[in-house]
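Heads up: the sequence shown runs through residues 9 to 317, numbered per our numbering.
Contents: one structure, followed by commentary.
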Amino acid sequence: MANNFNQNRMNQIGTYLKEKFGKKIIKLSLEGGFTCPNRDGTKGTGGCIFCADNGTGHFAGTISQQIRLLSDKWPDADYIAYFQNHTNTYAPAGVLREKYYSALEHKGVVGLAVATRPDCISDEALDLLKEINEKTFLWVELGLQTMHDKTAEFINRCYPLSVFEETFERLDKAGIRTVVHLIFGIPGETRDDMLDSVRYVASLHPFGIKFHMLNVVKNSRLAETDPGYIPFNSIEEYADLVISALELVPDDITIHRLSADAPRPILIAPEWSYRKRTILNTIHNEMRRRDTWQGKIAQKRTTRQTRGF
């Protein structure tokens, strides 16, 4: 296994940040007051089918709220200001500048993370991100969800894979770290479909990958159109898929999320997805039992290629 792994046999972002900054770093999930182009009618309405009416940043708040909430538990930690909810580059560059720099001015904030859509990074926004990237630690999270355009149409993503590829290349050329967000359990996708998306993203070699389990939540379009849908039948089934995905990801790509949870009052299915610690422990314990690790299959392929097999 690679020497940058923690005890969980993967290159998790928390461990990466602690080694980089020499201390505990916490992401502050922020609500920046943005919306999305498939909500306001620019490209569509209603948002992606899995989003609740308030977006997906269920635990996001203001930076002051987040610091107060977390500082007692981790009094010596520093912070990454993470603009999470909705599309956090979907505004004029002047608005983005004010929001981003205002967050960076807070005591203890050592970096910035921006979650957005690949079709919502204007040239002006990219220039701003390049500027910030030269001054502080930055990553941009792109919500891909799936490589399959048929699925993208079903979930009302409102952009094709080609747009993601163009934006990824623009960010890469600008030297900006990119984290790609994938969702497991979208209706109609098979296990092979999901792992194909993992292979595709791994081949691009982003800074990081985020695996998100689909949650069916109240006030989402999916809850209305398919209220009986259950993405995974058990924690063990989901853990098995995540482990197979991790084996495909090169070990120098940081892992930012293995699951997802939603507030219990709005959660419909899987009814156990709020049990985040149990899900993570199942993944970690099963990886140890199987004696597997992130990049195990990717490493084999690299070795074969190097040896000319």
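For every residue, glycine included, the Cβ atom is placed at its ideal position computed from N, Cα and C.
Alpha carbon of residue i to alpha carbon of residue j, nearest angstrom
i    : j    : result
A5   : Y90  : Look at the range of the chain in this structure, 9 to 317, and you will see that residue 5 is not part of it.
T159 : M221 : 15 angstroms
P23  : D86  : Sequence inspection shows Thr at residue 23; the Pro mentioned does not correspond to that position. Between T23 and D86, the C-alpha separation is close to 14 angstroms.
K31  : V148 : 22 angstroms
H66  : N141 : Here H66 scores only 48 on pLDDT, less than 50, and its place in the model should not be relied on; the value that follows carries that caveat. Going from the Cα of H66 to the Cα of N141 covers about 27 angstroms.
K304 : P258 : 8 angstroms
I33  : K107 : 21 angstroms
S130 : R17  : 38 angstroms
F42  : Q20  : 28 angstroms
K115 : K28  : 19 angstroms
G193 : T95  : 22 angstroms
L152 : P126 : 8 angstroms
L78  : G196 : 39 angstroms
T311 : Q302 : Here the model assigns T311 a pLDDT of 42, short of 50, so the residue's position is not dependable, and the following value carries that caveat. Cα to Cα, T311 sits roughly 15 angstroms from Q302.
K35  : D299 : 30 angstroms
Q74  : P100 : 25 angstroms
P271 : I57  : 18 angstroms
CB contact flag (residue i, residue j, <8 angstroms)
i    : j    : result
I261 : G216 : yes
F172 : T186 : no
T154 : L104 : no
I276 : V224 : yes
R76  : L134 : no
D201 : H156 : yes
T97  : T124 : yes
A247 : A306 : no
L150 : L137 : no
P278 : F240 : yes
C44  : S228 : no
E244 : T290 : yes
L38  : I71  : yes
R199 : L249 : yes
G55  : N46  : yes
Residue span of the beta strand (DSSP E) that contains residue i, given as start and end
i    : result
F162 : Note, F162: premise wrong, no beta strand (DSSP E); alpha helix (DSSP H) at D157 to F162.
E39  : Per DSSP, E39 belongs to no beta strand (DSSP E) and is neither H nor E.
H264 : T262 to R265
Y87  : D86 to F91
Where residue i sits in the DSSP three-state scheme
i    : result
H66  : Reliability fails at H66, whose pLDDT of 48 lies under 50, so the model's placement of it is uncertain and no value is given.
K26  : helix
H213 : coil
R17  : coil
H292 : helix
E279 : coil
R185 : strand
K218 : strand
I238 : coil
I194 : coil
A306 : helix
Delimiting residues of the alpha helix (DSSP H) encompassing residue i
i    : result
K226 : Neither: K226 is in no alpha helix (DSSP H) and is coded neither H nor E.
E245 : I243 to L256
L176 : With the sequence shown as reference, residue 176 is identified as Phe, and Leu is not the correct amino acid for it. Counting along the chain, the alpha helix (DSSP H) containing F176 begins and ends at L169 to K181.
G102 : A101 to L112
R76  : I71 to S79
I140 : D131 to N141
- Item | Contact the segment 244-253 vs the segment 72-88: 3+ CB pairs below 8 angstroms | no
- Task: Count the C-beta pairs between the segment 164-176 and the segment 100-120 that are closer than 8 angstroms, then say yes if the count reaches three, no if not.
- Result: no
- Message: Three or more C-beta pairs under 8 angstroms: does that hold for the segment 203-218 against the segment 226-238?
- Response: no
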